[in-house]
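Colleague: Residue numbers (the numbering used here): 531 to 1002. Here it is, the structure in full.
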Amino acid sequence: MPSKGVQAYTYIAVPGCSIELSVPKQTIVRNELNYFWNGDMEVDARNISSFFDKTGRFTFKVLQNGNLITEQWIDVNAITGNASSGTMNTIANTPSVLHANGVVVTYGFYEAGPGHGLLPDRHQCYVTVSPNYANWMATVAPPGSQLEGRPFSRLVLPAVHDVGMNSMQSSEAVLRKVGGAIVSTLVCDNKIMSEIADAVSGPAIALIAPNIIFSLAITQKDNLDTMMQIGARYFEFRPAHCHKAVIPSGALPDRLYFQHSAIPGMAYDAFLHDVVQFLLAHPTEIIVVQLRWDGVPPECARPSDQEQREYLDAALREANGQIIAGGLDDLRQSTIGQLRRDRKRLIMLVNVDSLSTYTDAGNATLNGDSIVSAFPAVLTASNAAGKGFINIQCQATATNIPKAVVYSILEASTTTSCLLATKAICDSKTLPWCRDNVLATCGRESLVVMMNDFLDGATADVAVQLSRKRLE
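Shown next as structure tokens:
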């Protein structure tokens, strides 16, 4: 009988919690703490009683001490494999759950097509259960404690890859005003666009412009405050003005936006405002922001030093002197307690050279094996010498595999993304490696950040636990 598979991935970091996964006539319950589990489930036509409708429901529930925290589901057709209707029927409908009792549930669902030998041919679903880490620095280095006197650089910070690409709002405003034909200008990647052009005509490219942008650029799905409550404390931001071909249209106000190639995302002033407001609400926390412009084309004007200062000053004015911007020397030389006392809880960096595990070839993977194999070769004391910090990049860039991008775009629905397709399988390999090896390979002298797409509770929990160990 026909069937469609679902590959499920779980991680639990809160005592008393369990995850219940089910399809017709199959239920799996996971309750192990700090264990990366994955397993196969099958929506099988033989297990669906209806003769004509072979649609079965995939569901997960998160419970704490028997009480329901959240329940999410989607219907899967066992014959066609299509996933439709339910609470996970669009990526935008899968925001993290911040429960009132301090539990955070992060999850995602990728609708798999036939795979074509590249992308997964089984639906992918990941679920993590972690504490709300809005104040995690207060727990690992309590104010007034001996641990607060340890260097800030001993911490391991959960990090968000391409924080500004967490919605299509800016891009959709441009497409509505200018039209889909602008997509080739925004993407700025001739290899990708030529692959797409080989598959569809020029007019068709304009029609699927939103799918192209979504598949190439959207790397997060939570708002900034939620990411910080999940635990994020390091962000890279690429602030620049919109492409010179976009500005005359008036589609967006002429200000600084996160730029993914020339695809506009979150406004820079909104980003700084939210970061400062979070720090004001959480007086023990310290956030590091690095400004970079790699991959931003020259047609997107970069801000001058003065413009950068004006944006930062405007955000800090709202703090009335409670927060002062620090720099690289503060990151390297200050203790956690000193940064708190000096009010330097927003560390601003600009193009600081770091030891990064990212390579175009190594991270262009669909299963994460090349990422993990590169970790021990890159993360050495000699490589880290003289670098500002260490950046472990756990996310795959399937967007560097043109055919995978094309398949993702042409078969796009509201639950597909070639970036989301690799999320769970890569995390199941990269995060356990970090948990087991970062202390030995990275030592205790350099700040470490652990970066990921679609920030999740497992990434945050591994980083927080590593911070505890490095401080102690």
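Backbone N, C-alpha and C define an ideal beta-carbon position, used for all residues, glycine too. Quick caveat: nothing in here was measured; it's all calculated off a predicted structure.
Using CA atoms only, rank isn't needed, just tell me which of PRO545, PRO625, ALA622 is closest to GLY596.
Modeller: The count along the sequence shown starts at 1 and reaches residue 596 at position 66. The residue with the shortest Cα to Cα distance from GLY596 is PRO545.
Colleague: Is the beta carbon of LEU985 sitting closer than 8 angstroms to the one on GLN750?
Modeller: In the sequence shown, the residue the question calls residue 985 occupies position 455. In the sequence shown, the residue the question calls residue 750 occupies position 220. Yes.
Colleague: Looking only at DSSP bridge pairs, what is LYS591 linked to?
Modeller: If you number the sequence shown from 1, residue 591 lands on position 61. Answer is GLU550, GLU601, bridged to LYS591.
Colleague: What does DSSP give as the partner residue(s) for PRO794 in the beta ladder?
Modeller: Position 264 of the sequence shown, counted from the first residue, corresponds to residue 794. The partner list for PRO794 (beta bridge, DSSP) reads GLN789.
Colleague: Taking the alpha-carbon positions, what's the ALA736 to ALA775 distance?
Modeller: Counting from one through the sequence shown, the residue named residue 736 turns up at place 206. Counting from one through the sequence shown, the residue named residue 775 turns up at place 245. Roughly 16 angstroms separates the two Cα atoms.
Colleague: What does the Cβ neighbour count give for VAL994, buried or exposed, with the cut at 16 atoms within 10 Å?
Modeller: Counting from one through the sequence shown, the residue named residue 994 turns up at place 464. Answer is buried; the Cβ neighbour count reaches 16.
Colleague: For the beta strand (DSSP E) containing TRP567, name the first residue and the last one.
Modeller: By 1-based counting over the sequence shown, the position of residue 567 is 37. TRP567 -> beta strand (DSSP E) spans 567-574.
Colleague: Where PHE905 and ASN897 are concerned, what is the direct C-alpha to C-alpha distance, given to the nearest angstrom?
Modeller: For the purposes of this step, residue 905 is identified with residue 375 of the sequence shown, where counting begins at 1. For the purposes of this step, residue 897 is identified with residue 367 of the sequence shown, where counting begins at 1. Going from the Cα of PHE905 to the Cα of ASN897 covers about 15 angstroms.
Colleague: Report the CB separation of ASP752 from PRO661 in whole angstroms; it is logged as a contact under 8 angstroms.
Modeller: By one-based count along the sequence shown, residue 752 stands at place 222. By one-based count along the sequence shown, residue 661 stands at place 131. That pair is no contact at about 16 angstroms.
Colleague: Indicate the three-state DSSP secondary structure (helix, strand or coil) for GLY632 in the structure shown.
Modeller: In the sequence shown, counting from the first residue as 1, residue 632 sits at position 102. If DSSP states are grouped into helix, strand and coil, GLY632 belongs with coil.
Colleague: At which residues does the beta strand (DSSP E) containing GLY616 begin and terminate?
Modeller: For the purposes of this step, residue 616 is taken as residue 86 along the sequence shown, with counting starting at 1. 613-616 is the extent of the beta strand (DSSP E) around GLY616.
Colleague: By how many angstroms is the C-alpha of ALA914 removed from the C-alpha of THR589?
Modeller: In the sequence shown, the residue the question calls residue 589 occupies position 59. In the sequence shown, the residue the question calls residue 914 occupies position 384. Computed Cα separation, rounded: 44 angstroms.
Colleague: So, under 8 angstroms CB-CB, ILE609 and PRO532 are touching, yes? Tell me the CB distance rounded to an integer number of Å.
Modeller: On the sequence shown, position 79 is the one that residue 609 refers to. On the sequence shown, position 2 is the one that residue 532 refers to. That pair is a contact at about 5 angstroms.
Colleague: Which same chain residues, not among the five before or five after ARG1000, have their C-beta less than 6 angstroms away from its C-beta?
Modeller: Here residue 1000 is taken as the residue at index 470 of the sequence shown, counted from 1. ARG684, ARG974.
Colleague: What are the boundary residues of the beta strand (DSSP E) that includes GLY535?
Modeller: Working through the sequence shown from its first residue, we reach residue 535 at position 5. Per DSSP, GLY535 belongs to the beta strand (DSSP E) from 533-542.
Colleague: Between which two residues does the beta strand (DSSP E) holding ALA914 run?
Modeller: Against the sequence shown, residue 914 aligns to sequence position 384. ALA914 -> not in any beta strand (DSSP E); alpha helix (DSSP H) instead, spanning 911-914.
Colleague: Where PRO827 and CYS547 are concerned, what is the direct C-alpha to C-alpha distance, given to the nearest angstrom?
Modeller: Within the sequence shown, the letter at position 297 stands for residue 827. Within the sequence shown, the letter at position 17 stands for residue 547. Going from the Cα of PRO827 to the Cα of CYS547 covers about 47 angstroms.
Colleague: With DSSP run on the structure shown, which of helix, strand or coil describes LEU648?
Modeller: Here the question's residue 648 lines up with position 118 in the sequence shown. Looking at LEU648 - three-state DSSP - the assignment turns out to be coil, as it is neither helix nor strand.
Colleague: Would you call the CB atoms of ILE524 and GLY586 closer than 8 angstroms?
Modeller: The requested residue 524 does not occur in the structure, where the chain is confined to residues 531 to 1002.
Colleague: Out of VAL592, GLY611, GLN594, point me to the one whose CA is closest to ASP574's CA.
Modeller: Working through the sequence shown from its first residue, we reach residue 574 at position 44. Residue GLY611 is the option with its Cα nearest to ASP574.
Colleague: Looking at the structure shown, is PRO833 part of a helix, part of a strand, or coil, going by DSSP?
Modeller: In the sequence shown, counting from the first residue as 1, residue 833 sits at position 303. Here PRO833 sits in coil by DSSP.
Colleague: For VAL686, which three-state DSSP category applies?
Modeller: The residue given as residue 686 occupies position 156 in the sequence shown. Strand, per DSSP.
Colleague: Using DSSP with H/G/I as helix, E/B as strand and the rest coil, what is ALA770?
Modeller: Locating residue 770 in the sequence shown gives position 240, where the first residue counts as 1. Three-state DSSP puts ALA770 in a strand.
Colleague: Taking the C-alpha atoms as reference points, what is the distance between GLU550 and LEU846?
Modeller: Position 20 of the sequence shown, counting from 1, holds the residue named residue 550. Position 316 of the sequence shown, counting from 1, holds the residue named residue 846. Spanning the two alpha carbons is a distance of roughly 45 angstroms.
Colleague: How should TYR1035 be labelled, buried or exposed, when 16 other C-beta atoms within 10 angstroms of its C-beta is the threshold for buried?
Modeller: Look at the range of the chain in this structure, 531 to 1002, and you will see that residue 1035 is not part of it.
Colleague: Confirm, please, whether the CB-CB distance from ARG652 to VAL553 is below 8 angstroms.
Modeller: Position 23 of the sequence shown, counted from the start, is the residue given in the question as residue 553. Position 122 of the sequence shown, counted from the start, is the residue given in the question as residue 652. It is not a contact, given that the beta carbons lie outside the stated cut-off.
Colleague: Can you give me the start and stop residues for the alpha helix (DSSP H) that PRO962 sits inside?
Modeller: Counting from one through the sequence shown, the residue named residue 962 turns up at place 432. 948-972 is the span of the alpha helix (DSSP H), which, as asked, contains PRO962.
Colleague: Identify, in the order they occur along the chain, each residue of the same chain with its Cβ nearer than 6 angstroms to the Cβ of ALA622, setting aside the five sequence neighbours on each side.
Modeller: As a first step, residue 622 must be located in the sequence shown, where it is residue number 92. There are no such residues.
Colleague: Beta-carbon separation of ILE920 and VAL992 under 8 angstroms?
Modeller: Taking the first residue of the sequence shown as position 1, residue 920 is located at position 390. Taking the first residue of the sequence shown as position 1, residue 992 is located at position 462. Cβ atoms of ILE920 and VAL992: not closer than 8 angstroms.
Colleague: Would you kindly check if the distance between the Cβ of PHE765 and the Cβ of TYR798 is under 8 angstroms?
Modeller: As a first step, residue 798 must be located in the sequence shown, where it is residue number 268. As a first step, residue 765 must be located in the sequence shown, where it is residue number 235. Going by C-beta atoms, TYR798 is not nearer than 8 angstroms to PHE765.
Colleague: Residues in its own chain within less than 6 angstroms of ALA951 by CB, not counting five upstream and five downstream?
Modeller: Position 421 of the sequence shown, counting from 1, holds the residue named residue 951. Answer for ALA951: TYR640, LEU649, PRO650, listed in chain order.
Colleague: Rounded C-beta distance between CYS772 and CYS830? I'm assuming under 8 angstroms.
Modeller: As a working mapping, residue 772 is identified with position 242 in the sequence shown. As a working mapping, residue 830 is identified with position 300 in the sequence shown. At roughly 7 angstroms, the Cβ-Cβ gap stays under 8 angstroms, so CYS772 and CYS830 are in contact.
Colleague: If you measure between the beta carbons of CYS924 and MET878, is that distance less than 8 angstroms?
Modeller: Along the sequence shown, read from residue 1 onward, the residue named residue 924 stands at position 394. Along the sequence shown, read from residue 1 onward, the residue named residue 878 stands at position 348. Not closer than 8 angstroms, so no.
Colleague: From the DSSP output, in three-state form, read off ILE578 for me.
Modeller: For the purposes of this step, residue 578 is identified with residue 48 of the sequence shown, where counting begins at 1. Residue state, collapsed to three classes: coil.
Colleague: Look up GLN699 in the DSSP assignment and say whether it is helix, strand or coil.
Modeller: One-based indexing of the sequence shown puts residue 699 at position 169. Helix at GLN699.
Colleague: Report, in whole angstroms, the separation of the C-beta atoms of SER884 and LYS917, which I expect to be a contact under 8 angstroms.
Modeller: Counting from 1 along the sequence shown, the entry for residue 884 is found at position 354. Counting from 1 along the sequence shown, the entry for residue 917 is found at position 387. SER884 to LYS917, Cβ: 5 angstroms. Contact.
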